[in-house]
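Using the numbering used here, you'd call the opening residue of the sequence shown number 1 and step up by one each time. Just so you know, even glycine gets a beta-carbon here, dropped at the ideal spot from N, CA and C.
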Amino acid sequence: MTEPGGYCGEALHGELELISRVPSASNAVFYATIGDTPVVYKPSAGEQWLWDFPDGDLARREVAAYLVSEAFGWGIVPPTWIGDGPFGEGMVQLWREPVRAFPAVDLVATNATAADGFRRVFEVIGDPDFPVAIVHEDSAALRRIAVFDAVINNADRKGGHILEMPDGHRHGIDHGLTFHVDDKLRTVLWGWAGEQLTDAELDGVAQVRAALTGPLGAHLVELLSPDELELFDLRCELLLAEARFPTPVRRFHTVPWPLL
1 MTEPGGYCGE ALHGELELIS RVPSASNAVF YATIGDTPVV YKPSAGEQWL WDFPDGDLAR
61 REVAAYLVSE AFGWGIVPPT WIGDGPFGEG MVQLWREPVR AFPAVDLVAT NATAADGFRR
121 VFEVIGDPDF PVAIVHEDSA ALRRIAVFDA VINNADRKGG HILEMPDGHR HGIDHGLTFH
181 VDDKLRTVLW GWAGEQLTDA ELDGVAQVRA ALTGPLGAHL VELLSPDELE LFDLRCELLL
241 AEARFPTPVR RFHTVPWPLL
């Protein structure tokens with residue numbers, strides 16, 4: 001499979017070798033190497049059954065998310081492709097090592113003032129002795145991830161699915177729960193809900209929608225159902241028409257769990 005960006009792992013040589021399993025993941029996720037290059041390997045055989053994604057294909061949704069990221073040109077998703085490994089076919093993605101000392105999303109005491117450059121999103125109902133609120137960066141990099149999530153209908157944008165890179169760049173990972181035909185947007189990045197999109201953000205969405213008639217659309221046909229593609233196009237159209245960030249719908253679950 002060849003992506004519009006021209007990367008599908010063909011530059012890597014050698015067999016995929018498992019190093020360790022990622023214990024915190026609900027599905028089978030492995031840290032591995034191909035030659036000297038560290039990668040993430042998620043075999044399709046290790047996917048847990050989900051009632052709202054009963055057909056699985058989470059690996060292909062991750063590749064589809066990467067292709068959309070490439071069409072935006074924002075470098076959100078690390079290079080991702082379908083590859084083979086010890087447990088069969090699955091998603092392979094280049095490993096990116098974050099700097100967790102300065103999280104883009106964090107929990108703070110409810111009586112604390114959000115630090116400069118952060119937005120307070122909502123309070124978390126939990127231990128009454130330790131009330132907390134969730135905050136996230138008020139940055140262009142995180143705004144782009146929120147726009148990206150809106151068009152791919154990301155149902156699982158936890159704080160831990162954002163990688164804080166040393167140069168200030170922000171990667172998004174774990175995009176298996178995406179492209180559903182129903183509205184499934186669940187995210188911790190609600191800090192801009194209802195606010196106007198910038199011209200650059202709107203240009204990005206328009207660029208993605210235009211690409212659906214070219215190489216992007218040709219590749220997504222292999223990864224998503226016709227209904228999923230139609231709704232993906234509709235989400236882009238509506239976001240361009242409204243020119244604002246989505247707002248939470250109260251009768252639906254609009255945040256993932258766990259939050260981080």
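Problem set entry | Rounded straight-line distance, which links the Cα of residue 132 to that of residue 61 | 33 Å
For this session: Check residue 29 in the structure and name its three-state DSSP category.
Result: coil
Exercise. Which value, in whole angstroms, describes the spacing of the CA atoms of residue 64 and residue 187?
Worked result: 19 Å
Problem set entry | Nearest-angstrom Cα separation, counted from residue 197 out to residue 104 | 20 Å
Problem set entry | Residues bridged to residue 41 (per DSSP) | 30 and 92
For this session: Could you name the residues of the same chain whose beta carbon sits closer than 7 Å to that of residue 5, not counting the 5 residues immediately before and after it, in chain order?
Result: Confidence in residue 5 is poor, its pLDDT being 44 and thus under 50, which makes the residue's placement too unreliable to answer from.
Exercise. Do you know offhand how far residue 207's Cα is from residue 115's?
Worked result: 34 Å
For this session: Taking residue 254 as the reference, give the member of 214, 122, 168 and 162 with the closest Cα.
Result: 122
Problem set entry | CB-CB length for residue 92 against residue 31, believed under 8 Å | The Cβ separation is near 12 Å, so there is no contact.
Exercise. Does the pairing of the region 43-51 with the region 76-90 give three or more beta-carbon distances under 8 Å?
Worked result: yes
Exercise. Between the C-alpha atoms of residue 217 and residue 141, what's the straight-line distance to the nearest angstrom?
Worked result: 25 Å
Problem set entry | Chain-order list of residues whose beta-carbon lies under 6 Å from that of residue 155 (same chain, five-residue window excluded) | 177, 184 and 186
Exercise. Can you list the alpha helix (DSSP H) stretches of 4 or more residues lying completely in the region 61-87, in chain order?
Worked result: none
Exercise. Residue 187 bridges to which residues according to DSSP?
Worked result: 157
For this session: Report buried or exposed for residue 3, applying the criterion of at least 16 other Cβ atoms within 10 angstroms of its Cβ.
Result: Reliability of the predicted coordinates at residue 3 is poor, the pLDDT of 40 falling under 50, and the value obtained from them is presented with this limitation in mind. It counts as buried.
Problem set entry | residue 249 in three-state terms, based on DSSP | coil
Exercise. How is residue 107 classed by DSSP in three states: helix, strand or coil?
Worked result: strand
Problem set entry | Three-state secondary structure assigned by DSSP to residue 100 | coil
Exercise. At which residues does the beta strand (DSSP E) containing residue 13 begin and terminate?
Worked result: That residue, residue 13, is in no beta strand (DSSP E); it is neither H nor E in DSSP.
Exercise. Can you tell which of 14, 49 and 36 has the C-alpha that lies nearest to the C-alpha of residue 28?
Worked result: 49
Problem set entry | As assigned by DSSP and simplified to three states, the class of residue 175 | coil
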